[in-house]
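**Student:**
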Amino acid sequence: CEKEIDMDYHTVEPLYVVEAGISEEGAVARISQTQNVTDEIGKRPVSDAQVIISSNYGEQCILNLDSAGCYSSSEIKGVEGREYTIRVQIGNYITKSTSRMQEGFSIDDTYMYKEQMLEDEVVYYHVDVTGYKTDSIGYFYALVTRNGEPYKWAVTGNKGHGDTTAINVGCFVYCDLDKDNKDILKDGEEIAVEVRKIDKRTYDYLYALRIAERSSSNPIRHFSNPSTLGYFSAYHSTRQIPLRFAKESL
118 CEKEIDMDYH TVEPLYVVEA GISEEGAVAR ISQTQNVTDE IGKRPVSDAQ VIISSNYGEQ
178 CILNLDSAGC YSSSEIKGVE GREYTIRVQI GNYITKSTSR MQEGFSIDDT YMYKEQMLED
238 EVVYYHVDVT GYKTDSIGYF YALVTRNGEP YKWAVTGNKG HGDTTAINVG CFVYCDLDKD
298 NKDILKDGEE IAVEVRKIDK RTYDYLYALR IAERSSSNPI RHFSNPSTLG YFSAYHSTRQ
358 IPLRFAKESL
């Protein structure tokens, strides 16, 4: 039998979402608001914010609005060892976060491989990074793009051992029962990777975000105002030349 059930979704106050960073190339911030479950659109971009990034060396820069909810500036660039603070004001709403800029590094090797897991084959994107200080634990974020669009990501720490960190980004699973899986790459698709060296505070947030995605909850707080989701990161970034996916090469 069938029975129609009316779901009573409670209306909640929207939260601000700030996703911002500063690197050796400049600063970028994307600001939006969350929506209720019943709303037809996703996040609403916020275009009336004042976004200021400053450093403990006296630098200060107001980011410019480029497009709906997206702010940027190349007037301030990340310098290794400096601590940066972002301040976002929207009317009377103010929130802040800090992050310390990390040192440079290089990508030593990249390749894709598959690994048998029970009856399925799991495909990974492997990255080796090196050229960084080894006297303390380093943290890395790797973003794999597919035809220029975000695809999969992972975070890892090198545990303070060795001068090379291996990052394995799980991409998809070959499974005969799920042939329509949109995550499965097709031959000829362009795959690239960007790796960022991040501070521990950003690593903790992203690690918690990964867990939160599986449990449909919010990650740990990264901003001073508890009504703010998202994070701010001062990072060094390195990219690899894109490759073309070929199943036979796995």
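The sequence shown begins at 118 in the working numbering and counts up by one.
Positions of the beta carbon are idealized from the N, C-alpha and C atoms, including for glycine.
On a predicted model such as this, the values are computed, not experimentally measured, just so you know.
1. Checking the sheet assignment: what are the DSSP bridge partners for V134?
2. Determine the extent of the beta strand (DSSP E) in which Q357 is found, giving its start and end residues.
3. Please list the terminal residues of the continuous beta strand (DSSP E) segment that includes K213.
4. With a threshold of 16 other CB atoms inside 10 Å of the CB of Q219, please say whether the residue is buried or exposed.
5. Between which two residues does the beta strand (DSSP E) carrying H243 extend?
6. If you follow the beta strand (DSSP E) that K231 is in, where does it begin and where does it stop?
7. Which same chain residues end up closer than 6 Å to T262 when comparing Cβ atoms and leaving out the 5 residues on each side of it in sequence?
8. What residue range is occupied by the uninterrupted beta strand (DSSP E) comprising F257?
9. L323: buried (16+ other C-beta within 10 angstroms of its C-beta) or exposed?
10. Could you check which residue in R338, R318, Y352, V312 has the C-alpha nearest to that of V145?
11. Classify I438 as helix, strand or coil using the three-state DSSP reduction.
12. Report the three-state DSSP secondary structure of I139 (helix, strand or coil).
13. What residues are listed by DSSP as bridge partners for C178?
14. For a test of the three-state rule: what should DSSP assign to D316, helix, strand or coil?
15. I'd like to confirm the pairing. Which residues does DSSP put opposite V272 in its beta bridges?
16. Buried or exposed for K250, going by 16 or more other Cβ atoms inside 10 Å?
17. Starting from the C-beta of G143, find all residues in its chain whose C-beta is less than 8 Å away, skip the five residues before and the five after it, and write them out in chain order.
**Tutor:** Taking the structure as given:
1. S149, L346
2. Element bounds for Q357: n/a, residue is neither H nor E.
3. 210–217
4. buried
5. 237–247
6. Its beta strand (DSSP E) spans residues 223–234.
7. Y268, A309
8. 256–263
9. buried
10. Y352
11. No answer is possible for residue 438: it lies beyond the span of the chain, which begins at 118 and ends at 367.
12. strand
13. I170
14. coil
15. Y258
16. exposed
17. S189, S190, S191, E192, I193, K194
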